[in-house]
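Just so you know, we're using the UniProt record's numbering here: the sequence shown kicks off at 1 and counts up by one. Glycine residues also receive a C-beta, built at the ideal position from the N, C-alpha and C atoms.
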Amino acid sequence: VVSGGHVVGVAGTSAAAPVVAGIFALLNAQRLGHGKPALGFLNPFIYQNPQAFQDVTQGKNMGGMQQYGFTAIKGWDAATGFGTPDFGALSEAVSQLSSLGVGRDKSRLE
1 VVSGGHVVGV
11 AGTSAAAPVV
21 AGIFALLNAQ
31 RLGHGKPALG
41 FLNPFIYQNP
51 QAFQDVTQGK
61 NMGGMQQYGF
71 TAIKGWDAAT
81 GFGTPDFGAL
91 SEAVSQLSSL
101 GVGRDKSRLE
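Structure (structure tokens):
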């Protein structure tokens with residue numbers, strides 16, 4: 001993050017949440033630009049596209065009420081979820097969706 005002309009290191013949910021929100025806002029803009037609806041409910045899309053995230057397999061989170069934290073492991077984990085978003089891979093996955101988008105039909109994702 002650049003603050004007052006200086007690069008400042010940031011971390012944690014307070015830094016990650018707005019970045020991920022921005023990524024999905026750009027993906028929605030991409031869809032809308034192609035005449036498709038916005039993504040909607042994201043969980044089915046995320047769980048069906050774990051390859052669109054860089055898996056974090058080392059480390060642990062320490063904070064909040066969980067004094068021992070959670071350890072990062074291969075695949076989904078409570079510390080990092082599926083990992084860090086890969087915009088290029090997410091963009092490709094989003095471009096493969098039908099015009100229905102995500103979260104419109106609870107029985108399947110097209």
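For residue j and residue i, the rounded distance between their alpha carbons
i	j	result
G69	D77	11 Å
L26	P18	12 Å
Q30	V8	30 Å
K36	I23	17 Å
N61	K74	15 Å
F82	H6	31 Å
Residue i burial status per 10 Å Cβ neighbour count (16 or more: buried)
i	result
T80	buried
P85	buried
A52	buried
F41	exposed
L32	exposed
V1	exposed
N49	buried
For residue i, the three-state DSSP class (helix, strand or coil)
i	result
N49	coil
Can you give, in chain order, each stretch of the alpha helix (DSSP H) that sits fully within the UniProt domain "Peptidase S53" (1-97) and has at least 4 residues?
13-33, 43-48 and 87-95
Segment contact, 8 Å Cβ cut-off, at least three pairs: the region 82-97 with the region 44-63: Yes, since at least three Cβ pairs between the region 82-97 and the region 44-63 fall closer than 8 Å, the two stretches touch.
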